Amino acid sequence: GRINAFDALEATGPAPILTVNVDEMIFLADPTTGPWPQTLLVGNDVQCGPLAWNATTGASWLSTQPDEGYASWSEPAEIIVTVDKSGLAPGIVQTTITVTSTTLGVVGSPQMVDVTFVYSSAPLTKKLFPLAMRD
Numbered sequence: 712g713r714i715n716a717f718d719a720l721e722a723t724g725p726a727p728i729l730t731v732n733v734d735e736m737i738f739l740a741d742p743t744t745g746p747w748p749q750t751l752l753v754g755n756d757v758q759c760g761p762l763a764w765n766a767t768t769g770a771s772w773l774s775t776q777p778d779e780g781y782a783s784w785s786e787p788a789e790i791i792v793t794v795d796k797s798g799l800a801p802g803i804v805q806t807t808i809t810v811t812s813t814t815l816g817v818v819g820s821p822q823m824v825d826v827t828f829v830y831s832s833a834p835l836t837k838k839l840f841p842l843a844m845r846d
């Protein structure tokens, strides 16, 4: 017999959609201060089962913890992103975090997050970087 494509697609439900909460992250530090960790959220924009994901970084100075897991519509995954400034000279370096779903049929995979690390040789001041400084 014939298969109705609309009914077949409707029976399987909507495909999961991989999302991240930001498309860029900026880290600031000087020789004595920072950089502070930041949180990246991985989600599924559709109310369906969880999707599996993994995160990779393009540089040895950037790390993600955890680097794999599951995310659902009601429970996004939290990735702590940290920069290790040891071994880096003052300046600006950039890389990308790539979040990829390993679940079959996921839409929106991979997601890319651009990362910039600004390492100042002079002390950061609240006047120059008010959002980067914590009291």
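Just so we're aligned, residue 712 is where the sequence shown starts under the numbering used here, counting upward by one.
Glycine residues also receive a C-beta, built at the ideal position from the N, C-alpha and C atoms.
Just so you know, these numbers come straight off a predicted model, no measurement behind them.
| task | Would you kindly work out how many angstroms separate the C-alpha atoms of residue 795 and residue 733, rounded to a whole number? | result | Residue mapping note: residue 795 aligns to position 84 of the sequence shown, counting from 1. Residue mapping note: residue 733 aligns to position 22 of the sequence shown, counting from 1. One C-alpha to the other measures close to 21 angstroms.
| query | Which class does residue 846 belong to by DSSP, given the choice of helix, strand or coil? | reply | Against the sequence shown, residue 846 aligns to sequence position 135. Residue confidence is low: residue 846 scores 42 on pLDDT, short of 50, so the model does not pin down where it sits. Its coordinate-derived value is still stated next. Coil.
| task | Taking 8 angstroms as the cut-off, decide whether the C-beta atoms of residue 821 and residue 810 are in contact. | result | Counted from its first residue, the sequence shown places residue 821 at position 110. Counted from its first residue, the sequence shown places residue 810 at position 99. Contact flag set, yes.
| query | Below 8 angstroms, can you find three or more Cβ-Cβ pairs linking the stretch 785-799 to the stretch 747-761? | reply | yes
| query | What is the DSSP secondary structure of residue 734, reduced to helix, strand or coil? | reply | Residue numbering aside, residue 734 sits at position 23 when the sequence shown is read from its first letter. In the structure shown, residue 734 sits in coil (DSSP, three-state: anything other than H, G, I, E or B).
| query | Sorted by chain position, which residues of the same chain lie with C-beta nearer than 7 angstroms to residue 761's C-beta, five sequence neighbours on each side aside? | reply | Residue 761 sits at position 50 when you count from the first residue of the sequence shown. Hits under 7 angstroms: 755, 781, 782 and 783.
| message | Using DSSP's beta-bridge definition, name the partner residues of residue 767. | response | Translated into positions along the sequence shown, residue 767 becomes position 56. Paired residue(s): 809.
| query | DSSP on residue 835, reduced to helix/strand/coil? | reply | Residue mapping note: residue 835 aligns to position 124 of the sequence shown, counting from 1. DSSP places residue 835 in coil when its eight states are reduced to three.
| said: I'd like to check one pair, residue 812 with residue 763: are the Cβ atoms closer than 8 angstroms? | reply: As a first step, residue 763 must be located in the sequence shown, where it is residue number 52. As a first step, residue 812 must be located in the sequence shown, where it is residue number 101. Yes, they are a contact pair.
| task | Name, in chain order, the residues that DSSP records as bridge partners for residue 749. | result | Residue mapping note: residue 749 aligns to position 38 of the sequence shown, counting from 1. DSSP output for residue 749 lists 792 as bridge partner(s).
| said: Helix, strand or coil for residue 757? Go by DSSP, reduced to three states. | reply: One-based indexing of the sequence shown puts residue 757 at position 46. The answer is coil: DSSP assigns residue 757 none of H, G, I, E or B.
| task | Just confirm the distance between the C-beta atoms of residue 770 and residue 806, as a whole number of angstroms; I'd bet it's less than 8 angstroms. | result | In the sequence shown, the residue the question calls residue 770 occupies position 59. In the sequence shown, the residue the question calls residue 806 occupies position 95. At roughly 4 angstroms, the Cβ-Cβ gap stays under 8 angstroms, so residue 770 and residue 806 are in contact.
| Under 8 angstroms between the Cβ atoms of residue 777 and residue 832? | The residue given as residue 777 occupies position 66 in the sequence shown. The residue given as residue 832 occupies position 121 in the sequence shown. No, the pair does not count as a contact, with Cβ atoms beyond the cut-off.
| query | Which two residues bound the contiguous beta strand (DSSP E) that contains residue 773? | reply | As a working note, residue 773 is residue 62 in the sequence shown. Where residue 773 is concerned, the enclosing beta strand (DSSP E) stretches over 773-776.
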